[in-house]
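Heads up: the sequence shown is residues 512 to 810, going by the working numbering. Here a beta-carbon is modelled for each residue, glycine too, at the ideal position from N, C-alpha and C. Each remark here refers to the structure printed beneath this line.
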Amino acid sequence: MTRPHVLLIRLAAPLQSWGLSSRFARRDTHTRPTKSGVIGLCAAALGLERGEPLGELATVLFGVRADRPGTPLRDYHTVGGGKFPIRPRDLATDHRRAAAVEAAREAAAGTAEGTVTAAAARTPEPFGRHGLESWYGAPKLIAADPVSGALVPGQVRRNAMITERWYLADAAFLVGLEHDDRALLERVAHALEHPKRLLWLGRKSCPPSGDLALGIVLGDLKGVFGTTSLLPASGDATASATGERTWAWIESPRPLPGVAPVHDQPVRFDADGPVHGLRWETRHRITIAPHASEWDIIP
Numbered sequence: 512m513t514r515p516h517v518l519l520i521r522l523a524a525p526l527q528s529w530g531l532s533s534r535f536a537r538r539d540t541h542t543r544p545t546k547s548g549v550i551g552l553c554a555a556a557l558g559l560e561r562g563e564p565l566g567e568l569a570t571v572l573f574g575v576r577a578d579r580p581g582t583p584l585r586d587y588h589t590v591g592g593g594k595f596p597i598r599p600r601d602l603a604t605d606h607r608r609a610a611a612v613e614a615a616r617e618a619a620a621g622t623a624e625g626t627v628t629a630a631a632a633r634t635p636e637p638f639g640r641h642g643l644e645s646w647y648g649a650p651k652l653i654a655a656d657p658v659s660g661a662l663v664p665g666q667v668r669r670n671a672m673i674t675e676r677w678y679l680a681d682a683a684f685l686v687g688l689e690h691d692d693r694a695l696l697e698r699v700a701h702a703l704e705h706p707k708r709l710l711w712l713g714r715k716s717c718p719p720s721g722d723l724a725l726g727i728v729l730g731d732l733k734g735v736f737g738t739t740s741l742l743p744a745s746g747d748a749t750a751s752a753t754g755e756r757t758w759a760w761i762e763s764p765r766p767l768p769g770v771a772p773v774h775d776q777p778v779r780f781d782a783d784g785p786v787h788g789l790r791w792e793t794r795h796r797i798t799i800a801p802h803a804s805e806w807d808i809i810p
C-alpha cells in the first residue's frame, strides 16, 4: 500500500491577502491561505497557462497551520479624482480639453489682475504644468470627435472612488500538500524555489519572503503538523518551544460527520475568473510534540 507524503510550504511575508469574495470597491482577505490560492501559486511556479487543466495538482489534499495568524490590516484607497496633467497633444487633438484649459487660464488671469499683468498671467506654462480638476487622464471609450474628427476619449471626467483593501500583516503559515505520488510533490517543491512566473501571496503586492518549499515528509497532514515545530519568528533562529498549541485546517477526501463544506476546490484558472468546486475540511487543535523536528531556515 502506498503511503502518503506531505510537502511543507512556508508562507510568510510582511503582507499577504487571500480573497474570498473580493470586488473592486472592497477586497477582503481570509484569515488563512486558501487552497485555490496556494494551488494557483504552485501552478504559476510550474508555468501552467491560464485555463490549462491542473491535472494531479488539483488532487492533493490541503492543510494549513496558523503558526502566526497575523494582524488584519485595512488599506484605505481613493481612485480617480484629483488633478490630472494635460499633455500638449491633448490640447491639440481634443478641443474640449483645450477649451477647459483656456477657461482655467482666463480665470487665473482675472484673479491675478492687480498683482501681475494680464500678459504675464497668460505666459505659456512649461510642459506638464497644465492640469484640470477631475479630468480623467487615461483614454476611455475612444471614438472620432464630431467636431475635429480626431480620436478622443469619450469619458473625460471621473469622480473619485473610495476602496478598501484588507491584508494580514506579519503572518506566517505552514501549508501541507498531501499526495501518494512523491515525484509530483518533488516537482512542485523544485518549481517553488525555481518558479517560471512571479509568485505572490494572494495579491501581486504581496511577494513571499524567504524559502517556500521546506521539504517532503512521510505521513499524513495531521501527523506531520504535530511533529513539526512552529516556524521561527523574524529575528529568531529557533522555532517556538514544543508543547505550543495552534490551529490547523485539514482537508478531508470525502464528506464525513463534523466536516464542513468549503467552496474552494480549484478547477480552472481562466482569464475571466477562476472556477471553483466544493471540498471538505475540518479544524484541529495541534499540539507540537516534544520530538518535533527543528527548522534550519532563515526567517
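In three-state terms, what does DSSP make of GLU563?
The sequence position of residue 563 within the sequence shown is 52, counting from 1. In the displayed model, GLU563 falls within coil according to three-state DSSP, outside both helix and strand.
Using CA coordinates, which residue listed in TRP758, GLY581 and TRP791 is at the minimum distance from PRO768?
Counted from its first residue, the sequence shown places residue 768 at position 257. Closest by alpha carbon: TRP791.
Sort LEU725, HIS588 and GLU613 by Cα distance to LEU741 and report the nearest one.
Here residue 741 refers to the residue found at position 230 of the sequence shown. LEU741 has its Cα closest to that of LEU725, out of LEU725, HIS588 and GLU613.
Buried versus exposed, by CB contacts within 10 Å (16 or more), TYR587
Counted from its first residue, the sequence shown places residue 587 at position 76. Per the 10 Å Cβ criterion, exposed.
Nearest-angstrom Cα separation, counted from THR674 out to PRO816
An answer regarding residue 816 cannot be provided, because it is not within the stretch 512 to 810 covered by the chain.
Mapping DSSP to helix, strand and coil, what is ALA803?
Numbered from its first residue, the sequence shown carries residue 803 at position 292. If DSSP states are grouped into helix, strand and coil, ALA803 belongs with coil.
Just checking, does the stretch 519-534 make contact with the stretch 720-740 on the three C-beta pairs under 8 angstroms criterion?
The stretch 519-534 vs the stretch 720-740: in contact.
Residue(s) in a DSSP beta bridge with PRO772
Residue mapping note: residue 772 aligns to position 261 of the sequence shown, counting from 1. According to DSSP, which records beta bridges pairwise, PRO772 is partnered with TRP791.
Chain-order list of residues whose beta-carbon lies under 7 angstroms from that of ARG796 (same chain, five-residue window excluded)
One-based indexing of the sequence shown puts residue 796 at position 285. Within the same chain, ARG796 has close Cβ partners ARG756 and TRP758.
Distance between ALA614 and ALA632 (C-alpha atoms, nearest Å):
Counted from its first residue, the sequence shown places residue 632 at position 121. Counted from its first residue, the sequence shown places residue 614 at position 103. With a pLDDT of 48 at ALA632, under the threshold of 50, the predicted position of this residue should be treated as unreliable, and no value is reported.
Out of HIS516, THR540 and PRO515, which one is the CA nearest neighbour of ALA682?
Position 171 of the sequence shown, counted from the start, is the residue given in the question as residue 682. Sorting HIS516, THR540 and PRO515 by C-alpha distance to the C-alpha of ALA682 places THR540 at the top.
Is it the case that the stretch 779-788 contacts the stretch 559-572, given that we only count it when at least three CB pairs across the two stretches are under 8 angstroms?
Taking a cut-off of 8 angstroms for Cβ pairs, the stretch 559-572 and the stretch 779-788 touch, as three or more such pairs fall below it.
Is the beta carbon of TRP806 less than 7 angstroms from the beta carbon of VAL575?
Indexing the sequence shown from 1 puts residue 806 at position 295. Indexing the sequence shown from 1 puts residue 575 at position 64. Cβ distance not < 7 angstroms, so TRP806 and VAL575 don't count as in contact.
Along the chain, where does the alpha helix (DSSP H) that runs through SER547 open and close?
Start at 1 with the first residue of the sequence shown, and residue 547 comes out as number 36. Per DSSP, SER547 belongs to the alpha helix (DSSP H) from 546-557.
GLY713 classed as buried or exposed, judged by whether at least 16 other C-beta atoms fall within 10 angstroms
On the sequence shown, position 202 is the one that residue 713 refers to. Flag for GLY713 reads buried.
Is it right to say VAL699 is buried, meaning 16 or more other beta carbons lie within 10 angstroms of its own, or is it exposed?
Along the sequence shown, read from residue 1 onward, the residue named residue 699 stands at position 188. Its Cβ being crowded by 16 or more others within 10 Å, VAL699 is buried.
Go ahead and label GLU762 buried or exposed: buried means 16 or more other beta carbons lie within 10 angstroms of its beta carbon, across all protein chains shown.
The sequence position of residue 762 within the sequence shown is 251, counting from 1. It counts as buried.
Helix, strand or coil at PRO599 [DSSP, three-state]
Translated into positions along the sequence shown, residue 599 becomes position 88. For PRO599, the three-state secondary structure derived from DSSP is helix.
Reducing DSSP to helix, strand and coil, say where GLY726 ends up.
Taking the first residue of the sequence shown as 1, we reach residue 726 at position 215. Strand at GLY726.
Applying the 10 Å Cβ sphere with the 16-neighbour rule, what's the burial state of GLU689?
Along the sequence shown, one-based indexing puts residue 689 at 178. Under a 10 Å Cβ-count criterion, GLU689 is classified as buried, with 16 or more other Cβ atoms of the shown protein chains found around its own Cβ.
Quick check: ASP578 and LEU685, are their CB atoms within less than 7 angstroms of each other?
Counting from one through the sequence shown, the residue named residue 578 turns up at place 67. Counting from one through the sequence shown, the residue named residue 685 turns up at place 174. Yes, they are a contact pair.
Starting from the C-beta of ARG543, find all residues in its chain whose C-beta is less than 8 angstroms away, skip the five residues before and the five after it, and write them out in chain order.
Residue mapping note: residue 543 aligns to position 32 of the sequence shown, counting from 1. Its chain contains TRP529, VAL575, ALA577, PRO580, PHE684 and TRP760 as the residues whose beta carbon lies nearer than 8 angstroms to that of ARG543, once the 5 sequence neighbours on both sides are disregarded; these appear in chain order.
Could you pull out every residue in the same chain whose Cβ sits closer than 8 angstroms to the Cβ of ARG538, ignoring the five residues on either side in sequence?
Position 27 of the sequence shown, counted from the start, is the residue given in the question as residue 538. If we look at ARG538 and ignore the five residues flanking it on each side, its Cβ neighbours are SER528, GLY530, THR674, GLU675, ARG676, TRP677 and ARG714.
Looking at the secondary structure, which residues open and close the beta strand (DSSP E) in which LEU519 lies?
Counting from one through the sequence shown, the residue named residue 519 turns up at place 8. 516-527 is the span of the beta strand (DSSP E), which, as asked, contains LEU519.
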